[in-house]
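In the numbering used here, the protein residues as written are -2 to 282. Backbone N, C-alpha and C fix where the C-beta goes; we use that ideal spot for every residue, glycine too. Keep in mind the model is a prediction, meaning the values are calculated, not measured. Written out below as structure tokens is the structure these notes cover.
Now the structure itself:
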């Protein structure tokens, strides 16, 4: 079953003194492009988080965010009183002002606020890891839902191409007869006597250049293979993209060989359907 690379997952964990929010967003990309945002105290876990995301989501432009909102009385941020006092003392030498105004200026200066870096509590991290897993499960479900919609569209497009191909197959004998008729008429118009055997040989050679039997067979096989790949348990957008390129190769060859306006119109229809398939394949994992 195919998966989309577009997805979103969010989970929230309420701890006694803080609320942890995990968000994972994904868009299409040729490779894995992972960006992470988290407080510095959790940076030591970043490598493990990256490995987990890579194993689960595989490919895409992925944004991972870990937000912390303090809900209790505990805080690791404190005023650096010694530094603030020194700032106020120096400010008095430069400007006149009351204590409140000087404090407002001092508190904005470097190192006036200090944050104590706490070690990660392993029990707390175990709970956070579960929430991260839950967010990744949600984004995988989102990708699967998007993938089902894409699969339905692909099947419809492939079916349209297959129907047009059947129309081309039905039209082909008429096209070849038309080529033969035009050649015979051309010989008649110049009123030249020709060797019938030699003419027949040349006619066969000329018609063979316009023969699209192999292209019709290969295109039909590619369409069947595309349908089979859609049923695969694994989502493989790169494989589907390669098959679509081969489909395009056969369609283009049919168009260049057709030399028949009604058939070329049908080829344009197939190209249009194929382009829509290629556009959507950019979103497939």
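message = Please tell me whether residue 2 and residue 25 are closer than 7 Å, where the distance is taken between their beta carbons.
response = As a position in the chain shown, residue 2 is number 5, starting the count at 1. As a position in the chain shown, residue 25 is number 28, starting the count at 1. Taking 7 Å as the Cβ cut-off, residue 2 and residue 25 qualify as a contacting pair.
message = Less than 7 Å between the beta carbons of residue 260 and residue 179, yes or no?
response = One-based indexing of the chain shown puts residue 260 at position 263. One-based indexing of the chain shown puts residue 179 at position 182. For residue 260 and residue 179, no; Cβs fall outside 7 Å.
message = Only counting the same chain, and skipping five residues up and downstream in sequence, which positions put a Cβ closer than 6 Å to that of residue 58?
response = Along the chain shown, read from residue 1 onward, the residue named residue 58 stands at position 61. Closer than 6 Å at the Cβ level, and outside the excluded window around residue 58, lie 24, 26, 30.
ask   = Does DSSP put residue 172 in a helix, in a strand, or in coil?
value = Taking the first residue of the chain shown as 1, we reach residue 172 at position 175. Helix, per DSSP.
message = Here's a check: name, in chain order, each residue in its chain whose Cβ is nearer than 7 Å to the Cβ of residue 273, leaving out the five neighbours to either side.
response = Counting from 1 along the chain shown, the entry for residue 273 is found at position 276. Cβ neighbours of residue 273 beyond the five flanking positions: 154.
message = Could you compute how far the alpha carbon of residue 270 sits from the alpha carbon of residue 33?
response = On the chain shown, residue 270 is found 273 positions in, with the first residue counted as 1. On the chain shown, residue 33 is found 36 positions in, with the first residue counted as 1. Each residue's alpha carbon lies about 38 Å from the other.
key: Span of the beta strand (DSSP E) around residue 64   = Stepping through the chain shown from its first residue, residue 64 is reached at position 67. Residue 64 -> beta strand (DSSP E) spans 57 to 67.
inquiry  = For residue 220, which residues in the same chain have their Cβ closer than 8 Å to its Cβ, ignoring the five residues on either side in sequence?
reply    = Taking the first residue of the chain shown as 1, we reach residue 220 at position 223. Closer than 8 Å at the Cβ level, and outside the excluded window around residue 220, lie 155, 158, 159, 162, 244.
Residues that DSSP places opposite residue 34 in a beta bridge = Here the question's residue 34 lines up with position 37 in the chain shown. 62.
request  = Could you pull out every unbroken alpha helix (DSSP H) segment of at least 4 residues lying fully inside the region 81 to 122, listed in chain order?
outcome  = 96 to 104
key: residue 78 versus 110, 88, 89, residue with shortest Cα-Cα distance   = On the chain shown, position 81 is the one that residue 78 refers to. Comparing Cα-Cα distances from residue 78 to each of 110, 88, 89, the minimum goes to 110.
key: Close Cβ partners of residue 323 (< 8 Å) along its chain, the five nearest in sequence each way excluded   = With the chain running from -2 to 282 in the structure shown, residue 323 is simply not present.
query = Taking just the CA atoms, how far does residue 277 sit from residue 48?
reply = Position 51 of the chain shown, counting from 1, holds the residue named residue 48. Position 280 of the chain shown, counting from 1, holds the residue named residue 277. Rounded to the nearest angstrom, the two C-alpha atoms are 28 Å apart.
task = Alpha carbon to alpha carbon, how far is residue 133 from residue 254? Give it in angstroms, no decimals.
result = Position 257 of the chain shown holds residue 254. Position 136 of the chain shown holds residue 133. Their backbone Cα atoms lie some 50 Å apart in a straight line.
query = Do residue 54 and residue 19 come within 7 Å of each other at the CB atom, strictly closer than that value?
reply = Position 22 of the chain shown, counted from the first residue, corresponds to residue 19. Position 57 of the chain shown, counted from the first residue, corresponds to residue 54. No, the pair does not count as a contact, with Cβ atoms beyond the cut-off.
Residue 9 and residue 36 closer than 7 Å at C-beta = Along the chain shown, one-based indexing puts residue 9 at 12. Along the chain shown, one-based indexing puts residue 36 at 39. Going by C-beta atoms, residue 9 is not nearer than 7 Å to residue 36.
task = Could you check what DSSP says for residue 11 in three-state terms: helix, strand or coil?
result = As a working note, residue 11 is residue 14 in the chain shown. Residue 11 falls in the strand class under three-state DSSP.
Coil, strand or helix - residue 165 by DSSP = Residue mapping note: residue 165 aligns to position 168 of the chain shown, counting from 1. Helix, per DSSP.
request  = On the DSSP bridge assignment, give the partners of residue 23 in chain order.
outcome  = Here residue 23 refers to the residue found at position 26 of the chain shown. In the DSSP output, where bridge partners are listed per residue, residue 23 has 4, 59.
query = In terms of alpha-carbon separation, which member of 141, 238, 267 lies closest to residue 249?
reply = Taking the first residue of the chain shown as 1, we reach residue 249 at position 252. Out of 141, 238, 267, 267 has the C-alpha closest to the C-alpha of residue 249.
Span of the alpha helix (DSSP H) around residue 50 = By one-based count along the chain shown, residue 50 stands at place 53. Its alpha helix (DSSP H) spans residues 43 to 54.
task = Within 10 angstroms of the Cβ of residue 56, are there 16 or more other Cβ atoms? Answer buried if so, exposed if not.
result = Position 59 of the chain shown holds residue 56. Label assigned to residue 56: buried.
Residue 256 and residue 207 closer than 7 Å at C-beta = Here residue 256 refers to the residue found at position 259 of the chain shown. Here residue 207 refers to the residue found at position 210 of the chain shown. Contact flag set, yes.
task = Label residue 227 either buried or exposed according to how many other C-beta atoms from any shown protein chain fall within 10 Å of its C-beta, with 16 as the threshold for buried.
result = Numbered from 1 along the chain shown, position 230 holds the residue referred to as residue 227. Its Cβ being crowded by 16 or more others within 10 Å, residue 227 is buried.
inquiry  = Mapping the DSSP letters down to three states, classify residue 16 as helix, strand or coil.
reply    = Position 19 of the chain shown holds residue 16. Here residue 16 sits in strand by DSSP.
request  = Report yes if the C-beta distance between residue 136 and residue 213 is below 7 Å; otherwise report no.
outcome  = Walking along the chain shown from the start, residue 136 turns up at place 139. Walking along the chain shown from the start, residue 213 turns up at place 216. The answer is no: Cβ separation not under 7 Å.
message = Please state the DSSP three-state secondary structure of residue 279.
response = Counted from its first residue, the chain shown places residue 279 at position 282. Residue 279 falls in the coil class under three-state DSSP.
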